[in-house]
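Right, one structure below, let's go through it.
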DNA sequence: GCCTTGACTGTTATTATATAACATATCATA
DNA sequence: TATGATATGTTATATAATAACAGTCAAGGC
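Residue numbers (our numbering), protein chains in the order written: chain W, 8 to 170; chain X, 8 to 170.
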C-alpha cells in the first residue's frame, strides 16, 4: 500500500502534473476498453480534475454550457454517469456531487474523506475496510456488490490551520 | 458481538414485538436524555418501524398528512432529522430515504446493507470497519467525525429465492 | 456509394428532494 | 400567569435528477 499512500494526501492542487497524468491514464483506459471518451466526456473529466472540491452536476453543466456544449441538465448527468460507470469519477452522495477518480489505473473500492471545513474530498484506498464489511455482510448472508464509504471530518491542513 | 448478530438479520417483519421493543427503547432513551419525543416524532418513528424498506421523506409525509399532521415537506423533514440526530433513525443516502434504527440502545457506527432486489435495508454492526477506516484516515492526517457505509447487494432471502 | 444501425448529443418538460422564512402554538419555569 | 425557548405549521422556493423525444454522426453491411 505504500504507493497508494502517495495518492492519498489532501490534494493541494499545486502542480498541474497529476491532473494531466490522470487524464492520460483515463485515455489509456478508455482505449484499452473500447470506451468512447468523447469531447463532452473528456472535458467533464478535466473540469472535475481542475476543481478543488467535488462539483455538483449543475456546476459542471454551467462550465460545459459556457464552452459551447449543451445547456441542459442531462448533458452533465450523462457525462458524469459515464465517468462514474467506467471508474473515472466517483459520486459523493453526501454532497450530491462528483469528483474525478485520483487513481483510475486499478479498480478499487475507495473511501472518501470529506473535509467539513474546506469541503475538499480525498480518495483513500482502504482495502481492509471492504474486508471488514465483507465479513460482517457474510454473517448476515448478504452478498455485497458495491460499497460507498464516506467519512466527514477535518483534513490535515484544516486541522493545523485551526490549531 | 453475539448479541449484535441477532439484530443483524434481514428483518422479515413477521412479529410485531421487535418494533414495539424498539419503540420502548426509544422512549427510554428520550426520557434519559431529556429529548421531547412529541406526537409527530413518535409517529414518524412508528411509521419507519412499520415500513418494510426505507422510506423517502415524502412517503413519510403522506402518511403523516393522512393522520392529521401537517401536510408540507418541512413537517416530515424536521421529524426525520430529529430522529437521525438523536440516533433513533438513519438516513440512507443512496436511496434518499430513512430507516428506523434497529438497535437504538447503544451509540454505534452502523453499516447498511441495501438489497437491490427487495429494497430492504439491514443495519449491520461493524466495529472493525470503523477501525479500518480510522487507520486509513489517520495516515492521511484526517480526523473522522462521522462515517456513512452503504453496501448494495443481495440479501439472504433474495439470494435463495433466485437460486 | 449508400443505407441501416446504434451510440451520442441536444432539447423541452417534468419529477423528486430539500430548505428558507415566517406565523402560530405549546411547554417549562420563573 | 408572563416569558423565553422549542415545536409545529404554512407558503414559497431552491436544488437535484430523470423522462421522452429529435437530430447527428460514425461504422459496418450490402
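Glycine residues also receive a C-beta, built at the ideal position from the N, C-alpha and C atoms. Values in this document were obtained by computation on a predicted structure and should not be read as measured data.
Reduced DSSP secondary structure (H/G/I, E/B, other) of residue i
| i | result |
| --- | --- |
| residue 84(X) | helix |
| residue 98(W) | strand |
| residue 122(X) | strand |
| residue 42(X) | coil |
| residue 16(X) | Its pLDDT being 34, under 50, residue 16(X) is placed unreliably by the model, and nothing is read from it. |
| residue 48(X) | helix |
| residue 166(X) | helix |
| residue 69(W) | helix |
| residue 149(W) | coil |
| residue 63(X) | coil |
| residue 141(W) | helix |
| residue 133(W) | coil |
| residue 76(X) | coil |
| residue 28(X) | helix |
| residue 158(W) | strand |
| residue 117(X) | strand |
| residue 107(W) | strand |
8 Å Cβ cutoff, residue i in contact with chain W
| i | result |
| --- | --- |
| residue 109(X) | no |
| residue 78(X) | no |
Residue-chain proximity (residue i, chain X), Cβ-Cβ < 8 Å
| i | result |
| --- | --- |
| residue 106(W) | no |
Cβ-Cβ separation, residue j to residue i (assumed contact under 8 Å), whole Å
| i | j | result |
| --- | --- | --- |
| residue 131(X) | residue 105(X) | Residue 131(X) to residue 105(X), Cβ: 17 Å. No contact. |
| residue 122(W) | residue 161(W) | 6 Å |
| residue 96(X) | residue 156(X) | At roughly 16 Å, the Cβ-Cβ gap does not stay under 8 Å, so residue 96(X) and residue 156(X) are not in contact. |
| residue 125(W) | residue 165(W) | 5 Å |
| residue 67(X) | residue 51(X) | 6 Å |
| residue 163(X) | residue 142(W) | About 15 Å; that fails the 8 Å criterion. |
| residue 144(W) | residue 120(X) | 6 Å |
| residue 179(X) | residue 26(X) | This structure cannot settle anything about residue 179(X), because the visible part of chain X is limited to 8 through 170. |
| residue 60(W) | residue 169(W) | Going by Cβ atoms, the distance from residue 60(W) to residue 169(W) rounds to 18 Å, so no, they are not a contact pair. |
| residue 70(W) | residue 54(W) | 5 Å |
| residue 136(W) | residue 151(W) | The pair is not a contact, with the Cβ atoms about 12 Å apart (cut-off 8 Å). |
| residue 76(W) | residue 48(W) | Not quite, the Cβ-Cβ distance comes to about 10 Å (not below 8 Å), so this is no contact. |
| residue 98(X) | residue 91(X) | 5 Å |
| residue 45(W) | residue 149(X) | Wrong, their Cβ atoms sit about 35 Å apart, outside the cutoff. |
Between the segment 137-163 of chain X and chain W, which residues of the former have CB atoms less than 8 Å from a CB of the latter, in chain order? 138, 139, 140, 142, 143, 144, 146, 147, 148, 149, 150, 151, 152, 153, 154, 155, 156, 157, 158, 159, 160, 161, 162 and 163
Between the segment 117-136 of chain W and chain X, which residues of the former have a C-beta closer than 9 Å to a C-beta of the latter? 118, 120, 122, 123, 129, 131, 132, 133, 134, 135 and 136
Compile a chain-ordered list of the residues in the segment 88-104 of chain X whose CB is closer than 7 Å to at least one CB of chain W. 100 and 101
Given a limit of 9 Å on CB to CB distance, which residues of the segment 42-53 of chain X reach chain W? none
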